[in-house]
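First residue of the sequence shown? That's 0 in numbering that gives the first Met the number 0, and the numbers climb one at a time after it.
Data first, discussion second: the structure below is written as C-alpha cells.
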Amino acid sequence: MFGSLGMPELVIILVIALIIFGPKKLPELGRSLGRSLGEFKKASNELRNTLEEEVRLDEQREQRAKLAAEQESAVTAVGNEPITPGSTVPPASTVSRNTTATSA
0 MFGSLGMPEL VIILVIALII FGPKKLPELG RSLGRSLGEF KKASNELRNT
50 LEEEVRLDEQ REQRAKLAAE QESAVTAVGN EPITPGSTVP PASTVSRNTT
100 ATSA
C-alpha cells in the first residue's frame with residue numbers, strides 16, 4: 000500500500016508527526032485525513048461510474064443508429080416502399096429497381 004516504505008520508515012514518520020503536532024492534535028489529524036481519503040475515494044468512484052454510464056449510453060446510441068441504417072437500407076432495397084404490418088415482401092426476383100433518379 001505504501002510502496003517502498005517499510006516499518007522502520009513508518010515509525011520514524013510517526014515519531015516526527017508526534018513531535019510536530021503533539022499527542023492531543025495527532026488523533027484529530029488522523030481522523031480528518033481518514034475522512035479526506037474516504038471522500039476522495041467516493042468522488043473517484045462516482046466519476047468512474049459516470050464515465051462508464053456515458054460509455055454505455057454512447058454504445059447504445061451507436062447500436063440504435065446502426066439498426067436504423069440497416070432498417071433504412073432494407074426498406075430501400077424493397078423498392079423504396081415502407082413495409083407495413085400485415086403486408087408481404089415480394090421475392091427478390093420480382094422486385095424491380097428504379098435505376099433512374101427522380102426529381103421532386
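Glycine residues also receive a C-beta, built at the ideal position from the N, C-alpha and C atoms.
Remember, it's a predicted structure, so these values are computed and weren't measured experimentally.
Cβ shell of residue i (< 6 Å), same chain only, five flanking positions each side left out
i	result
residue 15	none
residue 26	none
Own chain, CB closer than 7 Å to residue i, minus 5 neighbours either side, in chain order
i	result
residue 17	25
residue 5	none
Beta-carbon separation (whole angstroms), residue i vs residue j, contact threshold 8 Å
i	j	result
residue 20	residue 28	6 Å
Residues of its chain near residue i, where Cβ-Cβ distance is below 8 Å and the 5 sequence neighbours each way are ignored
i	result
residue 32	none
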